[in-house]
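Here the sequence shown stands for residues 1 to 321, where the numbers follow full-length UniProt numbering. Backbone N, C-alpha and C fix where the C-beta goes; we use that ideal spot for every residue, glycine too. The model shown is predicted, which means the values in this text are computed figures rather than measured ones.
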Amino acid sequence: MELNRSRGIEPGRLKPAGKWSSVKKELVRNRYVYLMLVPVVAYYLIFSYGPMYGLLMAFQESYSPVKGILAGEWVGFDNFTMFFESYYFWRLIKNTLILSFYSIVFGFPAPIILALLLNEVRKKWFRSTVQTISYMPHFISVVVVVGMLKTFSSLDGGLFNVIRDFFDLQPIMFLAEKDMFRPMYILSNIWQGAGWASIIFLAALSGIDPQLYEASKIDGAGRWRQLLHITLPGIMPTIVIMLILRMGAVMNADFQKILLMQTAPTYETSDVISTFVYRSGILEGNYTYSTAIGLFNGVINFALLIIANAISRKLNSTSLW
């Protein structure tokens, strides 16, 4: 350091060269790892960040594919105001929040409960069989699942109406009943996704130290106390992280499934923001208005994610960042 000072070189001047050198060495050493990362980065740049340029349409009166986005007349927040004052605004918000609330209350705990039950099974062959069977619905297309629901709920020999007939109840058209849409949507989602979602919780359970269970047995703790004081606290960070991610998608209902299940009589309970954006933008060609609604939806999701992460970090020091 004294030699550098005698030459007129400050000590801090050598650090950037050292940093760039270490970065270069890291890139050369792990070049194949970073090469595999290129398609992932390119995917998000092209399909996630690139289309954000189109959000400018939300502040324009109209959009012409021939003239381009920048040729539109700027109207500020008029599209947002029009949506907030529309007849459908509160209905869309209510339906979206209700479906998301039911999905969190009933759907989010389902894979956790399944993972806890599988963790208590001692026969490996039985546990593997149940796991495989519970994973299978995940690989069924949403179109096929909705087709199954339509078959099961048909008036002519449908499974649901056969069960109703067994209890001397009149057959009904389930998909045409507005009060039946939400239960069918939530229950079919649980059936299709609980098994697959339980994988991450099973992985978290496998990371719990077995010595904790052995020590608790010595202290006389039974299965229930082990569950409350070892198992649940052991997977709680994973549960919190998954819940935070789920809160970031509260305003995003399963658009494809809702659209396939939706019928005119069920609009009152099934019409959500994503289906309204589809009708406004694709079917009616009102691109700027639908873009404004989609941007509003994304901002709300982002705000909920930030709030949920902050609350979690404040309460139990577990957060995404």
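Applying the criterion that 16 or more other CB atoms from any shown protein chain within 10 Å of the CB defines a buried residue, is residue i buried or exposed?
i: M261; result: buried
i: Q60; result: buried
i: G8; result: Residue placement at G8 is poorly supported in this model, since its pLDDT is 49, which falls under 50; the coordinates are not used for a value here.
i: M247; result: buried
i: L99; result: buried
i: P39; result: exposed
i: P51; result: exposed
i: Y289; result: buried
i: S141; result: exposed
i: Q192; result: buried
i: P210; result: exposed
i: Y63; result: buried
i: T129; result: exposed
Could you check the C-alpha separation between residue i and residue j for me, to the nearest Å?
i: S22; j: V41; result: 22 Å
i: L37; j: Y44; result: 11 Å
i: S274; j: N252; result: 7 Å
i: G76; j: L56; result: 10 Å
i: L3; j: L202; result: Annotation note: pLDDT 46 at L3 (below 50); position unreliable, coordinate value reported separately. Distance between the alpha carbons of L3 and L202 is about 59 Å.
i: L92; j: N297; result: 11 Å
i: F101; j: V250; result: 8 Å
i: V145; j: I218; result: 48 Å
i: R31; j: L97; result: 45 Å
i: Q170; j: D179; result: 16 Å
i: P137; j: V299; result: 32 Å
Taking residue i as part of the alpha helix (DSSP H), name the residues at either end of that continuous run.
i: E214; result: P210 to I218
i: M184; result: K178 to S206
i: M148; result: V142 to F152
i: A110; result: P109 to E120
i: V130; result: K124 to Y135
i: N30; result: Run containing N30: none; DSSP gives neither H nor E here.
Per DSSP, what are the beta-bridge partners of residue i in this structure?
i: W74; result: Q60
i: G68; result: S64
Just list the alpha helix (DSSP H) runs in the region 263-298, keeping only unbroken ones of 4 residues or longer that don't cross its boundaries, in chain order.
267-270 and 273-278
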